[in-house]
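Residue numbers (our numbering): -13 to 205.
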């Protein structure tokens, strides 16, 4: 079997591509630094930083590819750094204390339905909630932050740390009804939320479920 010619790599074409990729990466680094230095935690600024980050990631990938094309062997330059950074962001969960086997547990399941009579009014109320939480931001930030129902619900539940009660306070939501069950639980939630079930309501549909108490509320 004949070997590939050495000239496939380390040639003038590959050198030119590598130089171009390096210059492009340097420009993207400078642009990212500038956007970051000029930025703040306002959504308007964060959107520009995220865009610069995407451009920087693309430039870094192009540079790594150019290095590999030129050398034929040296690539994946940022892998070790990335893996180290990921491990720092998401360390292995610490062992947690589980409930003793003799402990009895119960679960409370609640379903509450709300009518959205006007999506526009819901979004406007949520934007006002955002600006009350972040008084130094401007209306353009609220518009970027809240542009659909999902974003509106997020802001209403986070205003004043209200959580779900924020939906009950919202003038743009009309409460329809609520059902609550209290049931025996054979398998309580782990103290490590990484191990929680994908669906928290599985226990409520178990054939053997024992409903201790139920409440139905119509509004």
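From the three backbone atoms N, C-alpha and C, an ideal C-beta is built for every residue, glycine too. These numbers come from a predicted model, not from an experiment.
The bridge partners DSSP lists for residue 96 are 166.
Shown here, residue 150 sits in coil according to DSSP, grouped into three states, outside any helix or strand.
Taking C-alpha positions only, residue 183 is separated from residue 176 by approximately 9 Å. With contacts defined as CB atoms closer than 9 Å, residue 4 and residue 46 fail to qualify as a contacting pair. In the DSSP assignment, residue 144 falls within the alpha helix (DSSP H) that extends over 135 to 144.
When C-alpha distances from residue 35 are compared across 49, 14, 48 and 142, the shortest belongs to 14. For residue 53, the uninterrupted alpha helix (DSSP H) segment begins and ends at 29 to 57. Shown here for residue 154: same chain residues with a beta carbon closer than 8 Å to its own, the five before and five after excluded, namely 161 in chain order. Residue state for residue 181 is assigned as helix, using DSSP reduced to three classes.
Excluding five sequence positions before and after residue 187, the CB atoms of its chain that fall closer than 7 Å to its own CB belong to 95, given in chain order. Nearest neighbour of residue 20 by Cα position, chosen from 37, 152, 6 and 29, turns out to be 37. A distance below 9 Å separates the beta carbons of residue 112 and residue 139.
Burial is judged here by how many other beta carbons sit within 10 angstroms of a residue's own beta carbon; residue 89 has fewer than 16 and is exposed. Proximity to residue 195 across 169, 202 and 205 peaks at 169, based on C-alpha coordinates. In the displayed model, residue 112 falls within a helix according to three-state DSSP.
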